[in-house]
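**Student:** Take this note's numbering: the final residue in the sequence shown is number 555, and no numbers are missing along the way.
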Amino acid sequence: MSPARAGWVHRRIAENKPIFMKTKLVTLLTTAWVLGSLASVSAQTKAASSASATATATVTVAQTSASKIEFETNVYHFGKVSAGELVRHDFIFTNTGKATLEITAVRPGCGCTTAGEWDKRVEPGKTGVIPLQFNSANFGGIVTKSATVTCNDPGQSNVVLQISGTVWKPIEVTPTMATFNVASDSQTNETRVVRIVNNLEEPLTLSDLQCSNRSFQVELKTVQPGKEFALHVTAVPPFTTPTVYAPITLKTSSAKMPTINVSAYVTVQQAVMVTPQQINLPQGPLASAMSPSILIRTSGTNTLKLSDAAVNVAGAEVRVQEVQPGRVFSLTVNLPAGFHLKPDEKAEVTVKSDHPKFPLIAVPVFQPQAPAPTETIQRASTPARSEGRQPLPPVTPQK
Numbered sequence: 157m158s159p160a161r162a163g164w165v166h167r168r169i170a171e172n173k174p175i176f177m178k179t180k181l182v183t184l185l186t187t188a189w190v191l192g193s194l195a196s197v198s199a200q201t202k203a204a205s206s207a208s209a210t211a212t213a214t215v216t217v218a219q220t221s222a223s224k225i226e227f228e229t230n231v232y233h234f235g236k237v238s239a240g241e242l243v244r245h246d247f248i249f250t251n252t253g254k255a256t257l258e259i260t261a262v263r264p265g266c267g268c269t270t271a272g273e274w275d276k277r278v279e280p281g282k283t284g285v286i287p288l289q290f291n292s293a294n295f296g297g298i299v300t301k302s303a304t305v306t307c308n309d310p311g312q313s314n315v316v317l318q319i320s321g322t323v324w325k326p327i328e329v330t331p332t333m334a335t336f337n338v339a340s341d342s343q344t345n346e347t348r349v350v351r352i353v354n355n356l357e358e359p360l361t362l363s364d365l366q367c368s369n370r371s372f373q374v375e376l377k378t379v380q381p382g383k384e385f386a387l388h389v390t391a392v393p394p395f396t397t398p399t400v401y402a403p404i405t406l407k408t409s410s411a412k413m414p415t416i417n418v419s420a421y422v423t424v425q426q427a428v429m430v431t432p433q434q435i436n437l438p439q440g441p442l443a444s445a446m447s448p449s450i451l452i453r454t455s456g457t458n459t460l461k462l463s464d465a466a467v468n469v470a471g472a473e474v475r476v477q478e479v480q481p482g483r484v485f486s487l488t489v490n491l492p493a494g495f496h497l498k499p500d501e502k503a504e505v506t507v508k509s510d511h512p513k514f515p516l517i518a519v520p521v522f523q524p525q526a527p528a529p530t531e532t533i534q535r536a537s538t539p540a541r542s543e544g545r546q547p548l549p550p551v552t553p554q555k
């Protein structure tokens, strides 16, 4: 390299040396920041892991030193019983923990299952008993009943016990009640069928069908001689009361079930039903806006049309929504904040309908009035002077 060329190279290095030094310094600082961040994250991860491990260890120690309930079995299968028999079973459990086990409650799932006197405190290593009883009188076929045991075991504070099996009936009656829902403006004959099945080996004979209420007609038909029958129950209008009830009885040839009892029940529904029948508001003025709703339904054969919904109070509005075309409607009443009825003001929500018996549907709106302010009587600190009277002279104490 010529001397001139070498001199030029040296000058360029000298000129760019600060840039090279700054770049190197930035690189070193960036590397240090990355390494520091990684170290911080690693430390935080270790701390979190240590805290989690400590918490887990604390929970484990607490559970290890607590009570623990273990049942020999949570489910009892009683097999097959005749309807009306009482099924009893003792559920045996052991306290395998380190503290005293306390059974605070045994809650059966329904009234047909009851709990007897159970062991409420069981020391570590000891066993206890929870007796359950199931009444099969009103059941048939496969049934499963349960009861919930509440205790102080931190691992399982609620344990479910089950009793299951098959309830056998010599004669099955399904359903035991024939129910009817009838609209008031379209009362037509309706029929329900009650199925009667003989589970006995010997054939069954039914006789003396009785129903004392003329609102029902009953007829017994044979489906399979000696084994299966169909009881036809027909509701016969007109119905003059909101509900109609009648017992139906049959005699059988079986000593195990000499009488069959069935009932019939009619509910007469209004053609147009409004819920609620009045709107009750909190004491005014309202602190915030409210939107109570009114549900209007029809159970008649014809559909319903509503129009001209209104509310006769200033500031309130009503909106109609057809939930089910021609059948179900929802009226939403929008009341603004500060809404307040005057003492003599009568408010109601109205809507017109095309039903001849319900041309105008009206729902009153009630709001309690604020109590009148009570007058406070302030007593003066000095006796009041009566007009035209002179004050009494001061009393001089006697010596």
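Backbone N, C-alpha and C fix where the C-beta goes; we use that ideal spot for every residue, glycine too.
Just to confirm the assignment: which complete beta strand (DSSP E) runs, minimum length 3, are found wholly within the segment 254–292?
**Tutor:** 257–264, 269–271, 283–291, all fully within the segment 254–292.
**Student:** What's the C-alpha gap between K301 and G265?
**Tutor:** Taking the sequence shown and counting its residues from 1, one reaches residue 301 at position 145. Taking the sequence shown and counting its residues from 1, one reaches residue 265 at position 109. Going from the Cα of K301 to the Cα of G265 covers about 7 Å.
**Student:** Checking 8 Å against the spacing of the C-beta atoms, do V521 and L437 come in under that value?
**Tutor:** Numbered from its first residue, the sequence shown carries residue 521 at position 365. Numbered from its first residue, the sequence shown carries residue 437 at position 281. In contact: V521 and L437 (Cβ atoms closer than 8 Å).
**Student:** Consult DSSP for V350 and reduce its assignment to one of helix, strand or coil.
**Tutor:** Within the sequence shown, numbered from 1, the residue matching residue 350 stands at position 194. Three-state result, V350: strand.
**Student:** Would you call the CB atoms of K260 and C307 closer than 8 Å?
**Tutor:** Along the sequence shown, read from residue 1 onward, the residue named residue 260 stands at position 104. Along the sequence shown, read from residue 1 onward, the residue named residue 307 stands at position 151. It is worth fixing the name first, because residue 260 is Thr in this sequence and not Lys. Against a cut-off of 8 Å, the Cβ pair of C307 and T260 comes out as a contact.
**Student:** Go through its chain and collect everything with a Cβ distance to V467's Cβ below 8 Å, but skip five positions before and after it.
**Tutor:** Along the sequence shown, read from residue 1 onward, the residue named residue 467 stands at position 311. E473, V474, V489, A503, E504, V505, T506, V521, listed in sequence order.
**Student:** Spell out a yes or no on whether the segment 369–377 and the segment 388–406 are touching, meaning 3 or more CB-CB pairs, one atom from each, closer than 8 Å.
**Tutor:** Contact between the segment 369–377 and the segment 388–406 is present, because at least three Cβ pairs lie under 8 Å.
**Student:** Quick check: the Cα distance between T304 and T269, rounded to an integer number of angstroms?
**Tutor:** Your numbering for residue 304 matches position 148 in the sequence shown. Your numbering for residue 269 matches position 113 in the sequence shown. Approximately 12 Å, taken between the alpha carbons.
**Student:** Below 8 Å between beta carbons: does that hold for N345 and A391?
**Tutor:** Counted from its first residue, the sequence shown places residue 345 at position 189. Counted from its first residue, the sequence shown places residue 391 at position 235. The answer is yes: Cβ separation under 8 Å.
**Student:** Of the choices Q477, P441, N251, whose alpha-carbon is the least far from that of P280?
**Tutor:** Mapped onto the sequence shown, residue 280 falls at position 124. Nearest C-alpha to P280: N251.
**Student:** Buried or exposed for S292, going by 16 or more other Cβ atoms inside 10 Å?
**Tutor:** Along the sequence shown, one-based indexing puts residue 292 at 136. By the neighbour-count rule (16 or more Cβ atoms within 10 Å), S292 is buried.
**Student:** Between the segment 407–427 and the segment 322–340, do three or more beta carbon pairs fall short of 8 Å?
**Tutor:** A contact exists between the segment 407–427 and the segment 322–340.
**Student:** Got a sec, what are the start and stop residues for the beta strand (DSSP E) Q433 sits in?
**Tutor:** Numbered from 1 along the sequence shown, position 277 holds the residue referred to as residue 433. Note, Q433: premise wrong, no beta strand (DSSP E); not H, not E.
**Student:** Going by C-alpha to C-alpha distance, which of G235, F485, L288 sits closest to T459?
**Tutor:** Taking the sequence shown and counting its residues from 1, the one referred to as residue 459 is at position 303. Among G235, F485, L288, the Cα nearest to that of T459 belongs to F485.
**Student:** Rounded to whole angstroms, what's the CA-CA distance from G494 to D510? Just pull it up for me.
**Tutor:** Counted from its first residue, the sequence shown places residue 494 at position 338. Counted from its first residue, the sequence shown places residue 510 at position 354. One C-alpha to the other measures close to 35 Å.
**Student:** Using a Cβ-Cβ cutoff of less than 6 Å, which residues in the same chain neighbour I533 once the five nearest sequence positions on both sides are dropped?
**Tutor:** Stepping through the sequence shown from its first residue, residue 533 is reached at position 377. Because I533 sits at a pLDDT of 45, beneath the cut-off of 50, its placement in the model cannot be relied upon, and the following sentence gives the value as read from the coordinates. If we look at I533 and ignore the five residues flanking it on each side, it has no Cβ neighbours.
**Student:** Indicate the three-state DSSP secondary structure (helix, strand or coil) for P520 in the structure shown.
**Tutor:** In the sequence shown, residue 520 corresponds to position 364, counting from 1. Of the three classes helix, strand and coil, the one that applies to P520 here is strand, per DSSP.
**Student:** Leaving out five residues on either side along the sequence, give the residues of the same chain with a beta carbon under 6 Å from the beta carbon of K383.
**Tutor:** Along the sequence shown, one-based indexing puts residue 383 at 227. Excluding residues within five positions, the ones whose Cβ falls inside 6 Å are N354.
**Student:** Would you mind stating whether T322 and K412 have Cβ atoms separated by less than 8 Å?
**Tutor:** Your numbering for residue 322 matches position 166 in the sequence shown. Your numbering for residue 412 matches position 256 in the sequence shown. No, these two residues do not count as a Cβ contact at 8 Å.
**Student:** If Q439 sits next to Q523, beta carbons under 8 Å apart, how far is it from one beta carbon to the other, in whole angstroms?
**Tutor:** Numbered from 1 along the sequence shown, position 283 holds the residue referred to as residue 439. Numbered from 1 along the sequence shown, position 367 holds the residue referred to as residue 523. The Cβ separation is near 7 Å, so the contact holds.
**Student:** Is DSSP giving P403 helix, strand or coil here?
**Tutor:** Walking along the sequence shown from the start, residue 403 turns up at place 247. Looking at P403 - three-state DSSP - the assignment turns out to be strand.
**Student:** Does V428 come out as helix, strand or coil in the three-state DSSP assignment?
**Tutor:** In the sequence shown, residue 428 corresponds to position 272, counting from 1. In the structure shown, V428 sits in a strand (DSSP, three-state: E or B).
**Student:** CB-CB under 6 Å to A518, same chain, minus the five flanking residues each way: which ones, in chain order?
**Tutor:** Within the sequence shown, the letter at position 362 stands for residue 518. Here the set comprises E504, T506.
**Student:** Determine the direct distance from the alpha carbon of G456 to that of S409, and round the result to whole angstroms.
**Tutor:** Sequence index remark: in the sequence shown, residue 409 carries index 253 (1-based). Sequence index remark: in the sequence shown, residue 456 carries index 300 (1-based). If you take the alpha carbons of S409 and G456, they lie about 44 Å apart.
**Student:** Suppose contacts are defined by Cβ-Cβ distances below 8 Å. Is L491 in contact with L442 by that definition?
**Tutor:** Numbered from its first residue, the sequence shown carries residue 491 at position 335. Numbered from its first residue, the sequence shown carries residue 442 at position 286. Cβ distance < 8 Å, so L491 and L442 count as in contact.
**Student:** Compare the Cα-Cα distances from A465 to each of R348, Q477, P331 and report the closest residue.
**Tutor:** Looking up residue 465 in the sequence shown gives position 309. Comparing Cα-Cα distances from A465 to each of R348, Q477, P331, the minimum goes to Q477.
**Student:** Could you give the first and the last residue of the continuous beta strand (DSSP E) run that contains G235?
**Tutor:** Within the sequence shown, numbered from 1, the residue matching residue 235 stands at position 79. G235 -> beta strand (DSSP E) spans 231–238.
**Student:** Roughly how many angstroms separate the alpha carbons of V430 and S320, rounded to a whole number?
**Tutor:** For this step, residue 430 is matched to residue 274 along the sequence shown. For this step, residue 320 is matched to residue 164 along the sequence shown. Near 44 Å, if we compare the C-alpha coordinates of S320 and V430.
**Student:** Out of D341, E375, F385, D275, state which residue places its alpha-carbon closest to the alpha-carbon of P359.
**Tutor:** Here residue 359 is taken as the residue at index 203 of the sequence shown, counted from 1. The shortest Cα separation from P359 among D341, E375, F385, D275 belongs to F385.
**Student:** Buried or exposed for K254, please, with buried defined as at least 16 other CB atoms from any protein chain shown within 10 angstroms of its CB.
**Tutor:** For the purposes of this step, residue 254 is taken as the residue at position 98 of the sequence shown. By the neighbour-count rule (16 or more Cβ atoms within 10 Å), K254 is not buried but exposed.
**Student:** Is DSSP giving K461 helix, strand or coil here?
**Tutor:** Walking along the sequence shown from the start, residue 461 turns up at place 305. Coil, per DSSP.
**Student:** Let me make sure I understand the geometry here. Which of A239, T396, A222, H245 has the alpha-carbon closest to that of N230?
**Tutor:** In the sequence shown, counting from the first residue as 1, residue 230 sits at position 74. Per the Cα distances, H245.
**Student:** Is the Cβ of F495 closer than 8 Å to any Cβ of chain C?
**Tutor:** Any reference to chain C falls outside this structure, which holds one protein chain only.
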